Amino acid sequence: MRYTDIAIIGGGLSGSTAAAMLGRAGISVVLIDPHETYPADFRVEKLSGEVQVERFLKTGIAESVLRRATYSGENWIARFGRLLDKAPSRQFNILYDSLVNAIRDEIPASVWRICAKAIAVETSAERQRITLSNDETISARLVVLANGLNVGLRHQLGIARKIVSACHSISIGFDVVPAGRNAFDFPALTYFSERPSDRIPYITLFPVGTRMRANLFVYRGFDDPWLRELRRVPAETLHAALPRLERITGPFDIPGELKIRPVDLYVNDASGQPGLVLVGDAFSTSCPVAGTGCDKVFTDVERLCNVYIPRWLASDGMDAAKVATFYADPVKRACDEWSAAKAFDFRSVSTATSPYWTAQRWARFIAWSVQGLLRPLGGAFDLEPNFLGHSSSSSSSSSSSRSSSSSSSSLSSSA
Ligand SMILES: Cc1cc2nc3c(=O)[nH]c(=O)nc-3n(C[C@H](O)[C@H](O)[C@H](O)COP(=O)(O)OP(=O)(O)OC[C@H]3O[C@@H](n4cnc5c(N)ncnc54)[C@H](O)[C@@H]3O)c2cc1C
């Protein structure tokens, strides 16, 4: 039996960030994950907007991680085949495995890393017992459950799941290459849907190293024949859905594999359990269209590691009342509520045909157009952060660098 104060189950974005923060704070931590190196996986591929980046910076480990990303200082906004704005942006583009592995590099050597699966957890108000797939057993004062979408331990622990919206949206990730020329003209691009009936909120294109990635989002059932067509003939299906996109991008091909991921919105309730706290997707999911998943992860982990764990370890026991203070944290609750509301607002503004949502759609279109017209005159205003989903603008008055492959300059000026 190994003894520790904190056992973190899951070394994805949440668990690895928590391990780095707690290890740096000198707290005794064990991190359990089956993968020595985080494998390729389709999740968030860019951190964007002032708010999200500031949340990451609060964890204290962001600077060196973001330096490994490809920075986009400007994002073009377009709809109906028209360029509406060249908005300053603060986008750090990085594939998920690179992001998580960069965070893992920030975990100090004092953190005990075990390459195994947790297969059983027994909780109590004093110590928690974790059984691993390699037959080891861990005894911890607190278990941080950061196992993402995995369901095995939830069943074993009797944690109740509330499905808020099944298959709320589908995210599709792929590479694009310009046809007949060497490069695209835009540094990064967000192209909004042309018609509500397309059920496409937007597509976003952004550079990751030498690749141009595309994240396309749709509101469809997972068995929709449109998705089969997209897999079969991706470029043709995309052009049929967004016929004027090529006016902005120029001709392009889709050379490789498409990753298609449906997302359910759910909340897991472990509030009655002593000795166990849920963070990130293990607590609740977010809609990728709204781009708030990382806000939730960083908020959960920052509040837990900076505020609650040091407080809880300072007194005996780990009863459910102690752990409940984390779920009641006003900053966490505000972030969770904002994320949930945005998931539904985005879907309505993209697909609803009522007079209210039609007016909302046009109001956004006009706001982007006016912002784009005023920008060269130096009088552009700031749209609400994250108004544009993945492409929220930063300070309107700052002159943007178009796009650069290194993120260090943007960091040193902002951190
Ligand atoms: C397709 C897609 C696109 C997204 N796009 C965006 C976006 O644009 N912007 C945004 O902000 N958010 C986005 N998100 C959300 C964001 O990616 C997630 O919120 C975030 O990755 C969750 O991290 P996590 O650490 O909670 O879970 P994960 O990264 O899934 O980590 C879970 C870890 O637990 C480990 N594990 C599982 N079971 C066990 C076990 N029994 N024992 C030990 N370890 C275990 C796994 O190996 C894994 O390492 C997107 C999500 C998806 C699915």
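Residues 960 to 1374 (the working numbering) are what the sequence shown spells out, left to right. Cβ atoms here follow ideal geometry from the backbone N, Cα and C, with glycine treated the same way. Remember, predicted model here, so these are calculated numbers, not experimental data.
Beta-carbon proximity check, residue i vs residue j, cutoff 9 Å
i	j	result
H1198	L1189	no
M1171	V1135	yes
L1186	Y1150	no
R904	W1327	Since the displayed the chain opens at 960 and closes at 1374, residue 904 lies outside it and no answer follows.
A1302	A1249	yes
S1137	P1210	Checking the sequence shown, residue 1137 turns out to be Pro, not Ser. Yes, Cβ-Cβ distance for P1137 and P1210 is below 9 Å.
R1014	F1257	yes
L1006	L1101	no
P1155	A1311	yes
V1080	R1088	yes
V1003	C1253	yes
V1282	Q1319	no
V1012	L1263	no
S1152	S1307	no
A1380	M1277	Absent from the model: residue 1380. The displayed extent of the chain is 960 to 1374, so no value can be given.
G1040	I1207	yes
C1074	E1022	no
S1230	A1279	yes
Residues near residue i in its chain [Cβ-Cβ closer than 6 Å; skip 5 each side]
i	result
T1196	E1188 and L1189
K1404	Residue 1404 cannot be examined here, being either before or after the span of the chain that is shown, 960 to 1374.
M960	T1096 and S1098
D1044	I1036, W1327, Q1330 and G1331
V1024	A1061 and I1062
S1298	S1245, T1251 and K1255
P1344	Caution is warranted here: a pLDDT of 41 is assigned to P1344, below 50, making its placement in the model unreliable, and no coordinate value can be reported.
A1119	D1228
Chain-order list of residues whose beta-carbon lies under 8 Å from that of residue i (same chain, five-residue window excluded)
i	result
I1020	T976, A979, M980, R983, I1062 and E1065
V1059	G970, G971, L972, S975 and Y997
G1107	G969, G971, S973, G1239, D1240 and A1241
K1076	I991, P993, L1091 and S1092
D964	I986, S987, V988, A1099, R1100, L1101 and L1272
G1139	P1210
Residue i beta carbon near ligand 1 (any heavy atom closer than 8 Å)
i	result
S1098	no
K1075	According to the sequence displayed, residue 1075 carries Ala and not Lys. Yes, the Cβ of A1075 comes within 8 Å of a heavy atom of ligand 1.
Q1050	no
Q1011	yes
G970	yes
L1189	no
C1294	no
I1325	no
C1253	yes
T1208	no
A1046	no
G1168	no
K1005	yes
V1226	no
V1102	no
V1256	yes
T963	no
D1064	no
Y1161	no
R1120	no
S973	yes
H1127	no
W1304	In the sequence as presented, Trp is not what sits at residue 1304; that position holds Asp. No, the Cβ of D1304 stays beyond 8 Å of every heavy atom of ligand 1.
Nearest neighbour of residue i, chosen from the options [CA to CA]
i	options	result
A1046	C1294, S1031, R1100 and S1098	S1031
G985	R1170, V1024 and P1067	P1067
L1116	R1220, V1070, E1013 and D1228	D1228
E1216	G1234, T1208 and R1191	R1191
D1144	S1152, A1293, R1154 and F1165	F1165
L1237	T1169, K1255 and E1033	K1255
A1147	I1036, Y1055 and A1105	I1036
D1094	I1078, A966 and V1024	I1078
A1300	Q1330, V1290, T1251 and M1277	T1251
K1291	F1324, W1316, N1265 and V1167	N1265
C1126	C1074, V1103, T1082 and D1182	D1182
T1082	T1284, K1121, R1270 and R1113	R1113
Cβ neighbours of residue i in the same chain (closer than 7 Å, five flanking residues each side left out)
i	result
T1244	V1222, D1223, L1224 and Y1225
S1353	Here S1353 scores only 36 on pLDDT, less than 50, and its place in the model should not be relied on; the value that follows carries that caveat. Excluding sequence neighbours, S1353 sits near E1009, P1047, S1048 and R1049.
R1179	I1129, R1158, W1185 and L1186
P1247	S1128, S1130, F1176 and V1222
S1018	For the sequence presented, residue 1018 should be read as Thr rather than Ser. So the list reads T976, M980, F1257, V1260 and E1261, once near-sequence residues are dropped.
D1295	S1243 and K1255
L1347	With a pLDDT of 47 at L1347, under the threshold of 50, the modelled position of that residue is not reliable, and the figure given next carries that caveat. So the qualifying residues of the chain are I1036 and T1149.
A999	D1056
A1105	I967, I968, G969, G971, S973, G974, A977, V1238, G1239 and A1241
A1287	none
Any chain C beta carbon closer than 9 Å to residue i
i	result
E1085	Among the protein chains of the structure shown there is no chain C, as only one such chain exists.
Cβ-heavy atom distance, residue i to ligand 3, below 8 Å
i	result
L1263	Ligands in the displayed structure: ligand 1; ligand 3 is not one of them.
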